[in-house]
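In this note's numbering, the protein residues as written are -18 to 307. Quick reminder that beta carbons are idealized off the backbone N, C-alpha and C, glycines included.
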């Protein structure tokens, strides 16, 4: 029955008062359920558990012999040779790569042609061929000399005395590394926006100052991850110097494996673990170098592993307190 206009509504007929709801800040947000992710996680964990079980229980791996060989002086001496060869080759390769990259962008057609030819040649020839060729270089040239082309020689060197096993390994790896480093450096330089070059030129800055203070710092953000990837490949490539009679880590393991044929598998595991340690150390250095050169390019620097662990622990504690309060 309708009420006439202006009639009062009785309390019995009034609508019930709305129940007060929780504030939005106190309400718990239910995450979106992702069954596919959970299934994939379970499958991966099962596979990882099976691999770990096989590594731990298979007697063929001989973990007791692995522990025996891991810190033996022979292995550690080979490890030091690997570190020395990798470090010297990396320095030689980076220096050569920078020069080749600058020559490739030079206005001189001769420098561009030589740089392109060098890069093309050493990227085409396998590294083992380069090492063996240098190892037998004395068969082609008994002596090396400096002087006037097709004229008298001022200084003469005995190639057999200069070309030690370490020298052959470092030069071979360095020459090969320079070809790849040149492309990495050139790609980094090309990644700098052309407007940066124009702005520096408009300010009247010298060419050297433009390169060292404006172009290179920006290019390093692109050069660093790619060149560190090359360094990791270089560390693994040092295993080839065994073929030029230099006992590095892999050479020491191979020699011990020939002497103790029953320990071949644990010796290979020793070499594998040491290579994993070396490449992991390089990866850690890469992270902090990239983080350093990311300043000014990103609003916030990427968190370090320690910062990530602290953030995850704080989030876990906050979640536990929220569940306890509910």
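### Task
For residue -18, I'd like the list of residues in its chain whose CB is within less than 7 angstroms of its CB, leaving aside the five on either flank, ordered along the chain.
Bear in mind that the predicted position of residue -18 carries a pLDDT of just 47, short of 50, making it too unreliable to give a figure here.
### Query
Nearest to residue 150 by CA position, among 110, 160 and 168, is which residue?
Ranked by Cα distance from residue 150, the options 110, 160 and 168 are led by 110.
### Message
Which residues does DSSP list as the beta-bridge partners of residue 251?
### Response
None; residue 251 has no bridge partner.
#### Entry: Spatial distance of residue 136 from residue 255 (CA atoms)
Distance from the CA atom of residue 136 to the CA atom of residue 255, rounded to whole angstroms, is 43 angstroms.
### Task
Return yes when the Cβ of residue 124 is within less than 7 angstroms of the Cβ of residue 319, no when it is not.
Nothing about residue 319 can be read from this structure; the chain reaches only from -18 to 307.
#### Entry: Residues near residue 300 by beta carbon distance below 8 angstroms, same chain, minus five either side
Around residue 300, the same chain offers no residue with a beta carbon nearer than 8 angstroms, after the five sequence neighbours per side are excluded.
### Message
Do residue 207 and residue 270 count as a contact pair if the criterion is CB distance below 7 angstroms?
### Response
No, these two residues do not count as a Cβ contact at 7 angstroms.
### Query
Can you list, in chain order, the residues of its chain whose CB lies under 7 angstroms from that of residue 260, leaving out five sequence neighbours each side?
Contacts found: 213 and 216.
#### Entry: residue 285, DSSP secondary structure in three states
The answer is coil: DSSP assigns residue 285 none of H, G, I, E or B.
### Task
Measure the alpha-carbon distance for residue 286 versus residue 296 and round it to whole angstroms.
Each residue's Cα considered, the two are about 15 angstroms apart.
### Query
When burial is assigned at 16 or more other CB atoms within 10 Å of the CB, is residue 218 buried or exposed?
Residue 218 counts as buried, since no fewer than 16 other beta carbons sit within 10 angstroms of its beta carbon.
### Task
Report the residue from 108, 194 and 246 whose alpha carbon sits nearest the alpha carbon of residue 181.
If we check each option's Cα against that of residue 181, 194 comes out closest.
### Query
Hey, would you say residue 176 sits closer than 7 angstroms to residue 204, going by beta carbons?
Result no, Cβ atoms of residue 176 and residue 204 do not sit closer than 7 angstroms.
### Query
Using 8 angstroms as the threshold, is the stretch 43 to 60 in touch with the stretch 240 to 253, meaning 3 or more CB pairs across them?
Pairwise C-beta distances place the stretch 43 to 60 in contact with the stretch 240 to 253, as three or more of them are shorter than 8 angstroms.
### Query
Which residue comes first and which comes last in the alpha helix (DSSP H) that contains residue 74?
Per DSSP, the continuous alpha helix (DSSP H) segment holding residue 74 begins and ends at 54 to 85.
### Query
Rounded to a whole number of angstroms, what is the C-alpha to C-alpha distance between residue 227 and residue 18?
The straight-line gap from Cα to Cα measures roughly 49 angstroms.
### Query
Near residue 263, which residues of its chain fall below 8 angstroms by C-beta distance, leaving aside the five closest residues on each side in sequence?
Answer for residue 263: 209, 212, 213 and 216, listed in chain order.
### Query
Which residue's Cα is closest to the Cα of residue 99: 71, 13, 62 and 155?
That would be 155, whose Cα lies nearest to the Cα of residue 99.
### Task
Compute the distance between the beta-carbons of residue 159 and residue 104, then report whether it is under 7 angstroms.
With respect to residue 104, residue 159 sits apart: the two C-beta atoms are not nearer than 7 angstroms.
### Query
Does DSSP put residue 184 in a helix, in a strand, or in coil?
Collapsing the DSSP output to three states places residue 184 in coil.
### Message
Using only the alpha-carbon positions, how far apart do residue 79 and residue 197 sit?
### Response
Whole-angstrom Cα-Cα distance: 11 angstroms.
### Query
What residues in its chain sit with their C-beta under 8 angstroms from that of residue 66, if we drop five residues either side in the sequence?
Once the five neighbours on either side are set aside, the close Cβ partners of residue 66 are 147, 150, 151, 154, 219, 222, 227 and 229.
### Whole-angstrom distance between residue 60 and residue 284, CA atom to CA atom
Each residue's alpha carbon lies about 32 angstroms from the other.
#### Entry: Where residue 123 sits in the DSSP three-state scheme
The answer is coil: DSSP assigns residue 123 none of H, G, I, E or B.
### Task
Please state if the CB of residue 173 and the CB of residue 199 are separated by a distance shorter than 7 angstroms.
Cβ atoms of residue 199 and residue 173: closer than 7 angstroms.
### Query
Measuring CB to CB, does residue 163 end up less than 7 angstroms from residue 102?
No; because the gap between Cβ atoms is not below 7 angstroms, this pair is not in contact.
### Message
Buried or exposed, going by whether 16 or more other CB atoms sit within 10 Å of the CB of residue 157?
### Response
It is buried - the Cβ of residue 157 has at least 16 other Cβ atoms within 10 Å.
### Message
I need the straight-line Cα distance from residue 46 to residue 34, nearest angstrom please.
### Response
Roughly 19 angstroms separates the two Cα atoms.
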